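Chemist: Residue numbers (the numbering used here): 68 to 275. Provided herewith is a single structure, encoded as structure tokens, for subsequent inquiry.
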């Protein structure tokens, strides 16, 4: 089987900037290519407020992405929250949703909550609120009680550790990264933030 690994963090601003292109890549990919999401764990758990210097650096990343890619950001986040350099909780929420096959929905909810609604996905209560909003859509079918149980379970912690380990084994390029596994070989793909077709064409060429 051919697998395209997408290595990401739900609180990675460049992953948010890449989102439109990544969505287009998935739409164009051959049905013979299996897509596997791997949570890379950008920043470990922390209860400490993010240092002011780091806040300024990340705010500058947002402005850079906004300027280069046209991505929307709600900069009120920095005024209305006490940011922490802590993304593992957001990764846990995605993996808890992944158990129910709804990780893409959860990534979308976290990204929109964080970048557009100025919510803080480092906080468990925010993640549960986002999960509850997904669960309210009966067509989606998220079992919120199971999500809550899985979110704090030892089994989920093991899954998180395994995904972070896999991400580090697959790529040293940061987030987002794409790695194609084909015929026993791994190939790191260049991330093109503005051209989905270039990546799709490269994958098709590698499969020939």
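Just so it is clear, CB atoms sit at the ideal spot from N, CA and C, and this is done for glycine as well. Predicted model, so just to flag it, every value in this text is computed and none were measured.
Expressed to the nearest angstrom, what Euclidean distance is found between the alpha-carbon atoms of residue 157 and residue 262?
Modeler: On the chain shown, position 90 is the one that residue 157 refers to. On the chain shown, position 195 is the one that residue 262 refers to. One C-alpha to the other measures close to 28 angstroms.
Chemist: Is it buried or exposed for residue 222, if we count other Cβ within 10 angstroms and need 16 for buried?
Modeler: The count along the chain shown starts at 1 and reaches residue 222 at position 155. Residue 222 comes out exposed.
Chemist: Could you name the residues that DSSP lists as bridge partners for residue 178?
Modeler: Residue numbering aside, residue 178 sits at position 111 when the chain shown is read from its first letter. Beta-bridge partners of residue 178 (DSSP): none assigned.
Chemist: Taking the alpha helix (DSSP H) that residue 234 falls in, what are its first and last residues?
Modeler: In the chain shown, residue 234 corresponds to position 167, counting from 1. Annotation for residue 234: the continuous alpha helix (DSSP H) segment containing it runs 221 to 237.
Chemist: How about residue 74 and residue 244: do their beta carbons lie closer than 7 angstroms?
Modeler: Numbered from its first residue, the chain shown carries residue 74 at position 7. Numbered from its first residue, the chain shown carries residue 244 at position 177. Taking 7 angstroms as the Cβ cut-off, residue 74 and residue 244 qualify as a contacting pair.
Chemist: When you compare only the Cα positions, how much space is there between residue 274 and residue 148?
Modeler: In the chain shown, the residue the question calls residue 274 occupies position 207. In the chain shown, the residue the question calls residue 148 occupies position 81. Each residue's Cα considered, the two are about 46 angstroms apart.
Chemist: Find out if the Cβ-Cβ distance for the pair residue 71, residue 100 is shorter than 7 angstroms.
Modeler: Within the chain shown, residue 71 is the residue found at index 4, counting from 1. Within the chain shown, residue 100 is the residue found at index 33, counting from 1. Yes, the Cβ-Cβ distance between residue 71 and residue 100 is below 7 angstroms.
Chemist: Is it buried or exposed, residue 205, if we count other Cβ atoms within 10 angstroms and call 16 or more buried?
Modeler: On the chain shown, residue 205 is found 138 positions in, with the first residue counted as 1. Counting Cβ neighbours within 10 Å, residue 205 comes out exposed, since fewer than 16 surround it.
Chemist: Can you list, in chain order, the residues of its chain with a C-beta nearer than 6 angstroms to that of residue 144? Leave out the 5 residues immediately preceding and following it.
Modeler: Taking the chain shown and counting its residues from 1, one reaches residue 144 at position 77. The residues are 185.
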